[in-house]
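In our numbering, the protein residues as written are 1 to 288.
Glycine included, C-beta positions come from ideal geometry on N, C-alpha and C.
Worksheet for the structure shown next.
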């Protein structure tokens with residue numbers, strides 16, 4: 001439609017249609033792009049708000065964040081708390097900076113998942129952990145350290161000197177240190193993530209380190225104690241409900257058949273309950 005030297009980087013399609021004599025298409029393209037952006041933001045906010053609500057119910061953050069709207073059954077508080085700061089940050093921050101920050105966080109998470117798959121592959125279940133020798137644990141640790149160190153080193157080497165011998169080294173390391181269809185895919189993912197991480201600017205990693213330090217501080221100072229308190233409270237409630245559980249009908253039948261005394265049901269009946277109802281049920285079972 002237009003020469004490639006005349007393409008507008010910020011609005012390529014809209015400017016191309018206008019140059020081609022179709023200015024009305026520019027409005028349609030701009031509207032479609034705007035609706036696509038709004039749809040992506042809404043989908044992302046819906047997913048993240050529900051994750052944040054689950055974190056709030058686990059008391060890893062303030063419990064009020066896990067509140068669900070009684071009418072619409074949606075995490076309204078989590079959506080509001082996440083939506084307002086995100087909107088302000090998107091309006092006031094530099095777009096390339098946000099892109100690099102999100103890329104750093106995403107690549108870091110992908111790398112952790114790939115590393116977790118390798119650890120899971122070479123970690124025995126608790127029932128078999130006692131049979132694992134020290135040499136096996138040392139070999140597993142050395143394998144993980146070798147893959148991580150090689151991934152970071154090759155990523156930095158490729159970033160400093162983009163020659164094709166890096167790919168040959170990566171393929172050779174896969175053949176030596178991995179087993180096909182077992183740790184090959186997560187090891188390759190870890191290496192690719194390390195290479196992509198090395199392409200990000202240092203400012204992005206500094207910003208991500210600050211963000212990660214804030215999250216770790218909140219987790220260590222608040223989330224751990226709050227989550228443990230919730231677990232202790234839940235265990236205490238389960239113990240109380242078990243102690244005050246009503247007697248089963250089979251227990252009532254056994255007492256009546258052994259003693260022949262309906263007054264013995266009073267010992268099994270919970271506080272405030274009518275033991276005569278249990279007796280009627282027991283007699284009905286005896287008749288059956």
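ask   = How is the alpha helix (DSSP H) around residue 83 delimited, first residue to last?
value = 76-92
query = Who are the Cβ neighbours of residue 175 in its own chain at under 6 Å, not counting the five residues just before and after it?
reply = Confidence is the limiting factor: at residue 175 the pLDDT is only 49, short of 50, which leaves the residue's position unreliable, though a coordinate-based value still follows. The answer is none, since no qualifying residue turns up.
request  = Provide the residue span of the alpha helix (DSSP H) that contains residue 186, from first to last.
outcome  = 184-198
request  = Check the C-beta distance from residue 223 over to residue 61 and give it rounded, since I have them as a contact under 8 Å.
outcome  = 7 Å
Neighbour-count burial assignment, residue 22, 16 or more Cβ in a 10 Å radius = exposed
request  = Grab the span of the alpha helix (DSSP H) containing residue 118 for me, first residue to last.
outcome  = 95-121
Environment of residue 65 [buried if 16+ CB atoms lie within 10 Å] = buried
Residues near residue 55 in its chain [Cβ-Cβ closer than 8 Å; skip 5 each side] = 61, 65 and 66
Between the CA atoms of residue 38 and residue 120 - distance to the nearest angstrom = 39 Å
inquiry  = By the DSSP assignment, the alpha helix (DSSP H) with residue 72 in it spans what residues?
reply    = No alpha helix (DSSP H) contains residue 72, which DSSP labels as neither H nor E.
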